[in-house]
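J.:
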Amino acid sequence: METEVSTHEKWQCLLSAVVGGSLQKVTDIIKTFFPKSNMSQTYSCSPGIFKENPPLHQAVLTASDEIVLLLIENGFDIHARNRYQETTLHMASRKGRDVIVHKLLESGADIDSRDCEENTPLFNAATYSHPHIAHVLIQAGSDINTLNEELMTPLDQAILYDQRETISILLKAGCEVKKDKGYIYYEDHYVNSIVHSLWQNGDSSNIKLLQNCGYEMKYSDIKRLVQWKYHVVQGADIPDTDKAVIEDILTQPLPLMNCCRISVRDVLSKVHRKCTLEKLSSQLPLPKSLKDFIAFKV
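For the sequence shown, position 93 matches number 93 in the UniProt record's numbering, and the numbering has no gaps at all.
1. Let me know the secondary structure DSSP gives residue 296 once reduced to three states.
2. On the CB-based measure, 16 or more other CB atoms within 10 Å of its CB, does residue 213 come out buried or exposed?
3. Below 8 Å, can you find three or more Cβ-Cβ pairs linking the stretch 155 to 167 to the stretch 97 to 116?
4. Kindly indicate which residue of 269, 62, 289 has the alpha-carbon position closest to the one of residue 139.
5. How about residue 281 and residue 294: do their beta carbons lie closer than 7 Å?
6. How many whole angstroms separate the CB atoms of residue 74 and residue 52, which I take to be in contact at a CB cut-off of 8 Å?
7. Quick one, are the C-beta atoms of residue 54 and residue 18 less than 7 Å apart?
8. Looking at C-alpha atoms only, which residue of 95, 89, 246, 122 is the closest neighbour of residue 106?
9. Determine the closest residue to residue 265 out of 100, 143, 26, with distance taken between C-alpha atoms.
10. Just confirm the distance between the C-beta atoms of residue 141 and residue 277, as a whole number of angstroms; I'd bet it's less than 8 Å.
11. For residue 244, does the count of other Cβ atoms within 10 angstroms reach 16, so buried, or fall short, so exposed?
12. How would you call residue 135, buried or exposed, if buried means at least 16 neighbouring beta carbons within 10 angstroms?
13. Quick one: what's got a C-beta closer than 6 Å to residue 198's C-beta in the same chain, skipping five residues either side?
14. Considering only C-alpha positions, which residue in the set 129, 120, 137 is nearest to residue 147?
15. Output the boundary residues of the alpha helix (DSSP H) element that contains residue 217.
16. For residue 296 and residue 289, what's the separation of their Cα atoms in angstroms?
17. With residue 65 and residue 44 assumed to form a contact (beta carbons below 8 Å), what rounded beta-carbon distance in angstroms separates them?
18. Would you call the CB atoms of residue 175 and residue 151 closer than 7 Å?
19. Assign residue 33 to one of three DSSP states: helix, strand, or coil.
20. For residue 111 and residue 248, I'd like the C-alpha separation in whole angstroms.
21. Who are residue 84's beta bridge partners in DSSP?
22. With the cut-off set at 7 Å, would you say residue 96 and residue 49 are in Cβ contact?
23. Skipping 5 residues on each side, what residues in its chain have a beta carbon closer than 7 Å to that of residue 172?
24. Does the beta-carbon distance from residue 60 to residue 91 come in below 7 Å?
25. Hey, would you say residue 63 sits closer than 7 Å to residue 21, going by beta carbons?
26. If residue 241 sits next to residue 204, beta carbons under 8 Å apart, how far is it from one beta carbon to the other, in whole angstroms?
27. By DSSP, does residue 50 sit in helix, in strand, or in coil?
28. Taking the alpha-carbon positions, what's the residue 5 to residue 58 distance?
29. Could you check the C-alpha separation between residue 233 and residue 223 for me, to the nearest Å?
Below you can see the structure in the form of structure tokens.
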């Protein structure tokens with residue numbers, strides 16, 4: 001008489017196959033132990049039975065797209081969490097897996113789910129240098145101003161890790177740039193200034209973009225930061241590229257392009273929360289080119 005395989009053993013067997021990376025072996029185990037009797041059936045398990053990650057989480061970390069898609073299509077729970085309260089979307093965003101992120105979003109993954117440190121998937125994209133994933137999440141309606149456990153926003157996180165392309169994406173998407181929540185010091189303290197933080201990173205291009213997105217630039221801020229960074233501390237001349245940025249900030253008129261896009265999306269998102277930008281803009285009486293611009297496609 002054959003010994004019945006326990007539920008725990010079935011899951012461990014699947015996890016081992018995922019770690020091994022064999023699509024055929026994973027397929028065989030699913031057919032044997034996890035047959036799908038109907039389209040709505042979902043397989044989920046307690047994260048406590050694994051030292052680190054359940055099979056779908058592990059697949060997102062190390063396995064091929066084919067294995068991950070196979071697990072999703074066979075009903076393995078995309079909303080399940082590991083012991084750190086991470087969902088598969090957290091992990092796919094951290095690893096920069098475009099195909100998987102798109103599939104998870106199409107399958108109804110919670111775009112703003114939070115892990116044990118209150119980070120959403122957008123934080124992972126901002127931290128681990130995946131601007132393309134940040135773009136996808138923002139297009140899909142991710143909250144760009146949310147705070148994590150350390151009271152940081154995705155923009156704070158991107159600046160901390162000097163992720164310049166992601167910073168640009170967040171600014172163009174209309175994230176809040178005035179420090180009015182999180183850790184706040186007195187009004188003119190440099191910690192509250194995104195300009196100061198960008199100067200610290202040598203990121204002059206995003207300072208100009210910051211102004212183009214509607215940030216009210218103070219001459220006193222620019223003067224203080226330039227003197228502090230280049231004269232007081234380093235005793236060096238200002239690089240030509242930074243001189244050009246300062247000149248533009250002080251003398252050139254501001255373009256309305258990004259400000260208009262941000263304003264329109266801000267109004268729409270207050271009416272329809274957690275909605276894709278494409279869906280938000282689709283009903284507007286505008287030419288397709290303008291709808292695409294508002295939807296962050298261009």
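Virtual Cβ for every residue (Gly too), placed ideally from N, Cα, C.
T.: On the basis of the data shown:
1. coil
2. buried
3. no
4. 269
5. yes
6. With 8 Å as the limit, residue 74 and residue 52 do not qualify as a contact, their Cβ atoms being about 22 Å apart.
7. no
8. 89
9. 143
10. 7 Å
11. exposed
12. buried
13. 206, 207
14. 120
15. Per DSSP, residue 217 belongs to no alpha helix (DSSP H) and is neither H nor E.
16. 11 Å
17. Contact doesn't hold; Cβ gap of about 22 Å is too wide.
18. no
19. helix
20. 38 Å
21. Per DSSP, none; premise fails for residue 84.
22. no
23. 213, 258
24. yes
25. yes
26. 6 Å
27. coil
28. 22 Å
29. With a pLDDT of 49 at residue 233, under the threshold of 50, the modelled position of this residue cannot be trusted, and the question is left open.
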